[in-house]
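Enquirer: Quick note: the sequence shown uses the working numbering, first residue 55, plus one each step.
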Amino acid sequence: MDMMATPVSSISITFSFLFSVFLVSLSLLCSAKYGGALGGGEASQAQSHHHTLHITSLSPSSVCSSSTKENSKKGSLKVVHKHGPCARHPDDFAPPTAAQVLTLDQSRVNSIQYRLSFNSTRNTVRGSKVTLPAISGSSLGTGNYIVTIGIGTPKRSLSLVFDTGSDLTWTQCQPCAVSCYQQQDSIFDPSKSRTYKNVSCNTASCSQLTSATGNSPRCSATTCVYGIGYGDGSFSVGFFATDKLTLTPSDVFSNFFFGCGQNNQGLFSVFDGLLGLGRDPLSFVSQTASKYGKYFSYCLPTPSSSSGYLKFGKDGGSTGSLQFTPLLTSSQGATFYSLGVTAIKVAGNTLSISPSVFSTAGTIIDSGTVITRLPPAAYTALRKAFRRQMTRYPLTNAMSILDTCYDLSKYSTVRIPTIDFVFRGNVDVPIDSSGILFAGSPSQVCLAFAGNSNANSVGIFGNVQQQTLQVVYDVTGGKLGFGTRGCS
């Protein structure tokens, strides 16, 4: 999903035009009265530092089965992979190719890295419980994950991409004053909700849109109008509003701030909008802090598996199997969740990488970026060690940003080395076998990591490498937890 705000230099003129188009169209309307990563397939671990994968695991499963953890707690909601067996698609839906996913992923990364290098006031550079099942998708261009929530009274169910790198929650709304893309569900009609209210221009909440979207709000008469753009050129413009948001029958939030999109265009696929899980005051995490204490967790399923989950609030269970690393505070981006990488291991061996390589630009964890990005020196060391372990397999052409690819079409299984990331506090996180390779086809299977163009670009721990892990965000406690086999 390429849902990051675009550079200020290009967006200011663009959004002036988009706001104008929206407001003019609204006036006329009123006068007249919207590839996937390798998943599962691990036959055995021939040695403690290698995985053996079936080549058939390149193909997504055709059977949907629920995560064993998905409904283990009251109020659990499902997360699914957009291209996996549990996602709903129209009959004519055509998923992007693996190369297209990677190209769009790079657009998102470019946008993130711009935001984190731009010194601006918008993103200065420098209790209870509920579980939503998580479904992964390539909505908005890349491999993002989908949850279903309810908006309005009576409740309308909406399928939203959830994104830890975005803040504003929004969905498409009738009457689509300018444009709405085709989505899976019927478009939300605010006139049919008894609890919907537009937000006035002269309110503090309206002013907060600047930090949440990177764009100053506008006005339509006295109503606050938001505009947000993303790295692939997609955008949403519409009314800033409040309504009742429902996660489960027992988890309901009145007066939830969100965007009611009237002009929505771009690579949003068939899903209904976005659930922002960043750190801004307008994010879902902040708006529900009084109930959930800024505590949430998820497990992201692979495209070839079933579903995962997204949980809000502590569930009272044991966290003994989790390892916690500090969440770092950075002046570089108020939205993002930063953490400290200290080492990488391949086949159990720690690579010779200076700690300063990771600390120079820092690292964020992001649910919307597909492929993990590393500093050039770190990626070079990882690639060299991985290739040394894979000499029995023939190399083939690069695929977009991935330069270490193999032709495995003549093999029934493949033996690959383990890869571990070590975070501050000596937290050793083994990457699941599904997070090591990314496949276009059996004849083009690639190491699922990429190097940044320079050492000063922020590193990103992407969603392919997070697959099947239990990832816990204790924002108030200032720590991030990891556990293995999170979806099962």
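Don't be surprised by glycine CBs; every beta carbon is placed ideally from N, CA and C.
Does the stretch 308 to 321 come into contact with the stretch 210 to 229, if we say contact requires no fewer than three beta-carbon pairs (one atom in each stretch) closer than 8 Å?
Expert: Yes, since at least three Cβ pairs between the stretch 308 to 321 and the stretch 210 to 229 fall closer than 8 Å, the two stretches touch.
Enquirer: Measure from the C-beta of Thr426 to each C-beta in chain B and report whether the shortest distance is under 8 Å.
Expert: The structure shown contains no chain B, having only a single protein chain.
Enquirer: Determine the closest residue to Phe307 out of Thr522, Lys209 and Gly516, with distance taken between C-alpha atoms.
Expert: Nearest option by C-alpha distance: Lys209.
Enquirer: Is the beta carbon of Val279 sitting closer than 8 Å to the one on Phe294?
Expert: For Val279 and Phe294, yes; Cβs fall inside 8 Å.
Enquirer: Exposed or buried, which one is Thr522 when buried takes at least 16 other CB atoms within 10 Å?
Expert: Buried is the call here.
Enquirer: Would you kindly report the start and end of the unbroken beta strand (DSSP E) that includes Phe515?
Expert: Note, Phe515: beta strand (DSSP E), Gly513 to Phe515.
Enquirer: Comparing C-alpha positions only, which one of Val526, Gly516, Gly531 and Arg539 sits nearest to Arg162?
Expert: Ranking the options by Cα distance to Arg162, first place goes to Gly516.
Enquirer: What are the complete alpha helix (DSSP H) segments, minimum 4 residues, inside the stretch 222 to 306?
Expert: Runs of the alpha helix (DSSP H) inside the stretch 222 to 306: 258 to 261 and 263 to 267.
Enquirer: Using a Cβ-Cβ cut-off of 7 Å (strictly less than) and excluding sequence neighbours within five positions of Tyr460, which residues of its own chain qualify?
Expert: Once the five neighbours on either side are set aside, the close Cβ partners of Tyr460 are Met444, Tyr447, Pro448, Leu449, Thr450 and Val499.
Enquirer: Report the CB separation of Lys348 from Thr530 in whole angstroms; it is logged as a contact under 8 Å.
Expert: The pair is a contact, with the Cβ atoms about 5 Å apart (cut-off 8 Å).
Enquirer: Using beta-carbon positions only, say whether Gly537 and Ser421 come within less than 8 Å of one another.
Expert: No, the pair does not count as a contact, with Cβ atoms beyond the cut-off.
Enquirer: Name, in chain order, the residues that DSSP records as bridge partners for Tyr527.
Expert: According to DSSP, Tyr527 bridges with Phe350 and Leu534.
Enquirer: Hey, quick one: how far does the alpha helix (DSSP H) through Val163 stretch, first residue to last?
Expert: Note, Val163: alpha helix (DSSP H), Ala152 to Arg169.
Enquirer: Relative to the C-alpha of Leu107, which candidate in Phe216, Gly330, Leu491 and Asn508 has its C-alpha closest?
Expert: Comparing Cα positions, the closest option is Leu491.
Enquirer: Take the Cβ of Asn508 as the centre, count every other Cβ of all protein chains shown within 10 Å, and call the residue buried at 16 or more, exposed below.
Expert: Exposed, since its Cβ has fewer than 16 Cβ neighbours within 10 Å.
Enquirer: How many Å lie between Gly505 and Thr426 at the Cα?
Expert: Using only the alpha carbons, I get a separation of about 8 Å.
Enquirer: Where Val483 and Phe503 are concerned, what is the direct C-alpha to C-alpha distance, given to the nearest angstrom?
Expert: Spanning the two alpha carbons is a distance of roughly 16 Å.
Enquirer: Do the CB positions of Val400 and Ala439 come within less than 8 Å of each other?
Expert: Yes. Within cutoff.
Enquirer: Please report the straight-line C-alpha distance between Ser340 and Thr300, rounded to a whole angstrom.
Expert: So the alpha carbons of these two residues sit roughly 16 Å apart.
Enquirer: Should Phe477 and Thr379 be called a contact, given that it needs their Cβ atoms to be closer than 8 Å?
Expert: Taking 8 Å as the Cβ cut-off, Phe477 and Thr379 qualify as a contacting pair.
Enquirer: Could you give the uninterrupted runs of the beta strand (DSSP E) lying entirely in the stretch 393 to 426, keeping only those of 3 residues or more?
Expert: As far as the stretch 393 to 426 is concerned, its whole beta strand (DSSP E) runs of at least 3 residues are 395 to 400 and 417 to 419.
Enquirer: Could you check the C-alpha separation between Val324 and Gly402 for me, to the nearest Å?
Expert: Val324 and Gly402: Cα-Cα distance of roughly 42 Å.
Enquirer: Give me the Cα-Cα distance between Gln520 and Gly362, rounded to the nearest whole angstrom.
Expert: Spanning the two alpha carbons is a distance of roughly 12 Å.
Enquirer: For Pro237, does the count of other Cβ atoms within 10 angstroms reach 16, so buried, or fall short, so exposed?
Expert: The question names Pro, but residue 237 in the sequence shown is Gln. Per the 10 Å Cβ criterion, buried.
Enquirer: Candidates Arg272, Ala415 and Ala432: which alpha carbon is nearest Cys260's?
Expert: Of the listed residues, the one whose Cα sits closest to Cys260 is Arg272.
Enquirer: Using only CA atoms, which one of Asp369, Tyr250 and Pro150 lies nearest to Thr207?
Expert: Nearest option by C-alpha distance: Tyr250.
Enquirer: How about Leu336 and Leu214: are their beta carbons less than 8 Å apart?
Expert: Contact: no.
Enquirer: Exposed or buried, Pro303, counting other C-beta atoms within 10 Å across all chains shown (16 or more means buried)?
Expert: Exposed, since its Cβ has fewer than 16 Cβ neighbours within 10 Å.
Enquirer: Secondary structure at Val324, three-state DSSP: helix, strand or coil?
Expert: Coil at Val324, not helix or strand.
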